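Peer 1:
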Amino acid sequence: MQYAKDANGIGTTTRGKVMAQIFDEFSREVELLRLTVNPTVEARRLIATYAGKVKEELGL
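Under this note's numbering, read the sequence shown as residues 3 to 62, first letter to last.
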């Protein structure tokens, strides 16, 4: 497994950095749900999309 350093110089796995990036993207999109006409449908789509990304990253 590859290792990288975060901003504080602490070693982290590449997978951990990718998972953090996926979570950040998901969090930003959740914030935008307030602006949608049908947030329930959009929330389901977001959860399915990001669950797929996490599963892919974990190799499930």
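Glycine included, every Cβ here is placed at the ideal spot set by N, Cα and C. Predicted, not measured: the structure shown is a model, and the values here were computed from it.
Which same chain residues, not among the five before or five after P41, have their C-beta less than 8 Å away from its C-beta?
Peer 2: As a working note, residue 41 is residue 39 in the sequence shown. The answer, listed in chain order, is L35.
Peer 1: Only counting the same chain, and skipping five residues up and downstream in sequence, which positions put a Cβ closer than 7 Å to that of A45?
Peer 2: On the sequence shown, residue 45 is found 43 positions in, with the first residue counted as 1. Around A45: L35.
Peer 1: Does A22 come out as helix, strand or coil in the three-state DSSP assignment?
Peer 2: On the sequence shown, residue 22 is found 20 positions in, with the first residue counted as 1. In the structure shown, A22 sits in a helix (DSSP, three-state: H, G or I).
Peer 1: Mapping the DSSP letters down to three states, classify T42 as helix, strand or coil.
Peer 2: Indexing the sequence shown from 1 puts residue 42 at position 40. In the structure shown, T42 sits in a helix (DSSP, three-state: H, G or I).
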